[in-house]
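Student: Counting in full-length UniProt numbering, the sequence shown runs from 1 upward without gaps.
The C-beta atom is built at its ideal place from N, Cα and C for all residues, glycine as well.
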Amino acid sequence: MTAFSPREIVSELDRHIVGQSDAKRAVAIALRNRWRRQQLDEDMREEVLPKNILMIGPTGVGKTEISRRLAKLANAPFIKIEATKFTEVGYVGRDVEQIVRDLIETGIGLVRDTKRKEVSARAHVNAEERVIDALVGPGAGSATRESFRKKLRANELNDKEIEIQVADSGGMPSFEIPGMPGSQVGMINLSDMLGKALGQRTRSRKVTVEDSFEILMAEESDKLIDDDMMIQEAIRNVENNGIVFLDEIDKICARSDRAGADVSREGVQRDLLPLIEGTTVGTKYGPVKTDHILFIASGAFHIAKPSDLLPELQGRLPIRVELRALTREDFRRILTEPKACLINQYVALMKTEGVTLEFTEDAIDAIADIAVEVNTSVENIGARRLMTVMERILDDISFGASDRNGEAVTIDASYVREHIGDLAKNADLSKFIL
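#1: Using three-state DSSP, classify H16 as helix, strand or coil.
#2: May I ask you to report which of helix, strand or coil DSSP gives I9?
#3: Given 8 Å as the limit, is there contact between the stretch 58 to 68 and the stretch 12 to 21, that is, 3 or more CB pairs closer than that?
#4: Take the Cβ of I252 as the centre, count every other Cβ of all protein chains shown within 10 Å, and call the residue buried at 16 or more, exposed below.
#5: Give every residue of the same chain whose Cβ lies closer than 7 Å to the Cβ of Q269, excluding the five residues on either side of it in the sequence, and list them in chain order.
#6: Given K289, which residues of its chain have a CB within under 6 Å of its CB, disregarding the five upstream and five downstream residues?
#7: Whose CA, out of L157, R205 and E88, lies closest to the CA of D271?
#8: Helix or strand or just coil, what does DSSP make of A234?
#9: Does the Cβ of M44 have 16 or more other Cβ atoms within 10 Å, making it buried, or fewer, making it exposed?
#10: Report all residues from its chain with a CB closer than 6 Å to the CB of M390; omit the five preceding and five following residues, and keep chain order.
#11: Can you list, in chain order, the residues of its chain with a C-beta nearer than 6 Å to that of K296? Leave out the 5 residues immediately preceding and following it.
#12: For the alpha helix (DSSP H) that Q165 lies in, which residues bound it at each end?
#13: List the DSSP bridge partners of G299.
#14: Evaluate A3 with the Cβ neighbour count: other Cβ atoms within 10 Å of its Cβ, from every protein chain shown; 16 or more gives buried, anything less gives exposed.
#15: If the criterion is Cβ atoms closer than 8 Å, does the pair N158 and E220 meet it?
#16: What ranges does the alpha helix (DSSP H) occupy inside the stretch 33 to 92, keeping only unbroken runs of at least 4 residues that lie completely in it?
#17: Taking A74 as the reference, which of R153, T410, N375 and E12 has the closest Cα?
#18: Could you name each continuous alpha helix (DSSP H) segment of 4 residues or more that falls completely within the stretch 273 to 361, going from the start of the chain to the end?
#19: Is the stretch 114 to 125 close to the stretch 218 to 236, with three or more CB pairs under 8 Å?
#20: For a quick check, are the C-beta atoms of I393 and M350 less than 8 Å apart?
#21: Report, in whole angstroms, the separation of the C-beta atoms of G299 and I249, which I expect to be a contact under 8 Å.
#22: Going by the CB atoms, is the gap between G242 and L31 shorter than 8 Å?
#23: Would you list the one or two residues that DSSP bridges to K206?
#24: Look up G182 in the DSSP assignment and say whether it is helix, strand or coil.
#25: With H, G and I counted as helix, E and B as strand and the rest as coil, what does DSSP make of V409?
#26: As a quick exercise: from D95, Y285 and P6, pick the residue whose alpha carbon is nearest that of E82.
#27: Helix, strand or coil, according to DSSP, for L157 in the structure here?
#28: Measuring CB atoms only, is the stretch 226 to 233 touching the stretch 137 to 154, in the sense that at least three cross pairs come out at less than 8 Å?
#29: Which class does R201 belong to by DSSP, given the choice of helix, strand or coil?
#30: Determine whether the beta carbon atoms of V111 and N237 lie at a separation below 8 Å.
#31: Could you pull out every residue in the same chain whose Cβ sits closer than 6 Å to the Cβ of L278, ignoring the five residues on either side in sequence?
#32: In three-state terms, what does DSSP make of R265?
#33: Does the Cβ of F399 have 16 or more other Cβ atoms within 10 Å, making it buried, or fewer, making it exposed?
#34: Near I29, which residues of its chain fall below 8 Å by C-beta distance, leaving aside the five closest residues on each side in sequence?
#35: What do you get for V100, buried or exposed, if any count of 16 or more other CB atoms within 10 angstroms of its CB means buried?
#36: Measuring CA to CA, which of E163, R205, D330 and F359 is closest to N344?
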């Protein structure tokens with residue numbers, strides 16, 4: 001779990017996302033509270049529940065981007081999932097308990113990576129022995145092995161192709177256990193059930209010496225890791241530090257004008273209630289309690305309203321943050337300020353072809369103006385509009401870049417207007433297209 005202060009978390013988010021300080025502060029405090037809870041004594045720790053968040057704002061203002069960046073910062077089991085993927089329990093489709101099962105898989109991956117680093121030195125020695133066996137055979141004398149070991153460590157054999165035996169994880173069918181709650185609890189793999197009885201199946205694979213190390217290191221590391229301890233640690237980590245980002249929650253609001261069964265709307269909301277409040281979900285690794293998993297929900301709510309959610313669900317999302325629509329100045333900052341801003345991306349892409357791109361200040365102003373104009377007159381899709389505008393402007397340059405090696409191209413306001421004018425002019429016509 002990360003020990004960053006809220007100020008440090010906001011500062012890191014500021015490097016990638018423009019504005020939306022309220023949302024950044026809310027997620028930073030929520031993330032820090034996870035760390036604070038871990039410092040409490042056991043009795044108090046059990047009583048402190050996470051304050052779940054509902055982020056409300058138009059599309060393209062940074063809700064999903066905040067979740068993506070938070071996942072990298074959190075150093076905790078994190079999953080981002082769309083609420084629209086689920087159906088009510090009892091219908092064909094995925095039920096909401098699958099969220100916890102996916103979160104457990106993420107948690108196991110995190111713990112496995114940590115454990116692999118801990119045993120990497122021993123795993124490297126074992127992998128090296130297997131590579132030497134493949135090069136000279138297991139029966140070779142110690143002098144021959146030492147000679148090849150020196151060459152191996154000097155990277156002289158990197159391009160040599162060898163044949164190694166690797167564990168065969170595929171080929172066995174999977175099936176679901178009928179009648180199990182959620183129907184996907186099992187996904188039992190026959191190779192898991194029969195592996196110990198039949199012995200580990202292996203297959204031959206031809207790879208270069210350089211590539212073989214990564215494969216063999218992973219195998220040897222897994223042999224040194226206690227799977228049961230790893231799973232128990234992952235479950236504890238998920239139960240105490242897990243974070244679920246539930247996107248597009250406004251799409252599961254029930255609409256009064258809709259008749260018939262609401263298989264993927266209100267029913268899903270009802271199924272989410274116990275999950276967010278705290279329940280125990282069965283997984284193939286064992287039961288997982290969701291009492292202390294943090295849920296961050298987000299939605300545009302441009303058709304539905306937050307009050308259209310079930311009152312019980314609203315109560316389980318006590319912290320509400322509104323993200324504001326983007327202004328012209330925000331668009332300008334999005335183009336230039338973030339670490340991997342759009343302009344830097346296109347400059348770097350063109351540099352691979354030997355073309356030097358330069359954007360003038362008035363060009364950046366013109367791009368921001370057009371993005372605002374089209375968003376206002378057609379459909380407001382927020383910062384995603386900038387991608388449309390940039391692609392249109394650089395279409396000719398991107399197409400012919402391979403023939404323009406060594407050239408320098410300056411993009412100014414007149415160039416922007418010349419290549420994008422028709423997009424702005426024809427914007428209003430879209431309302432007449434059926």
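Tutor: According to the data block:
#1: When DSSP states are grouped into helix, strand and coil, H16 belongs to the coil group.
#2: Helix, per DSSP.
#3: Judged by Cβ distances under 8 Å, the stretch 58 to 68 makes contact with the stretch 12 to 21, as three or more pairs qualify.
#4: Buried: at least 16 other Cβ atoms inside 10 Å.
#5: I252, L309, L310 and L313, listed in sequence order.
#6: Answer for K289: E239 and T280, listed in chain order.
#7: Shortest Cα-Cα distance from D271 to any of L157, R205 and E88 involves E88.
#8: In the structure shown, A234 sits in a helix (DSSP, three-state: H, G or I).
#9: Burial call: exposed.
#10: Closer than 6 Å at the Cβ level, and outside the excluded window around M390, lie L342.
#11: The identity of residue 296 in the sequence shown is Ile, whereas the question assumes Lys. The beta carbon of I296 sits closer than 6 Å to those of I53 and F245, all from its chain and outside the five residues before and after it, given in chain order.
#12: Where Q165 is concerned, there is no enclosing alpha helix (DSSP H), although the beta strand (DSSP E) it sits in stretches over E161 to A167.
#13: According to DSSP, which records beta bridges pairwise, G299 is partnered with I56.
#14: By the C-beta density criterion, A3 is exposed, having fewer than 16 other C-beta atoms within 10 angstroms.
#15: A distance of 8 Å or more separates the beta carbons of N158 and E220.
#16: Whole alpha helix (DSSP H) segments, 4+ residues: 42 to 47 and 63 to 74.
#17: The residue with the shortest Cα to Cα distance from A74 is E12.
#18: Within the stretch 273 to 361, the complete alpha helix (DSSP H) runs of at least 4 residues are 311 to 315, 328 to 336 and 342 to 351.
#19: Because the criterion of three Cβ pairs below 8 Å is met, the stretch 114 to 125 and the stretch 218 to 236 touch.
#20: Taking 8 Å as the Cβ cut-off, I393 and M350 do not qualify as a contacting pair.
#21: Their Cβ separation, rounded to whole angstroms, is 4 Å, which keeps G299 and I249 in contact under 8 Å.
#22: Result no, Cβ atoms of L31 and G242 do not sit closer than 8 Å.
#23: Bridge partners of K206: E163.
#24: Confidence is the limiting factor: at G182 the pLDDT is only 43, short of 50, which leaves the residue's position unreliable and the question unanswerable from this model.
#25: Here DSSP, grouped into helix, strand and coil, assigns V409 to strand.
#26: Looking at the Cα atoms, D95 is the closest of the given residues.
#27: Looking at L157 - three-state DSSP - the assignment turns out to be coil, as it is neither helix nor strand.
#28: Below 8 Å, too few C-beta pairs join the stretch 226 to 233 and the stretch 137 to 154 to call them touching: fewer than three.
#29: Reduced to three states, the DSSP call for R201 is coil.
#30: Between V111 and N237, the gap from beta carbon to beta carbon is short of 8 Å.
#31: The displayed chain sequence assigns Gly, not Leu, to residue 278. Cβ neighbours of G278 beyond the five flanking positions: T290 and D291.
#32: Coil.
#33: Exposed, because fewer than 16 other Cβ atoms sit within 10 Å of the Cβ of F399.
#34: Correct list, in chain order: P6.
#35: Under this definition V100 is a buried residue.
#36: Ranking E163, R205, D330 and F359 by Cα distance to N344 puts F359 first.
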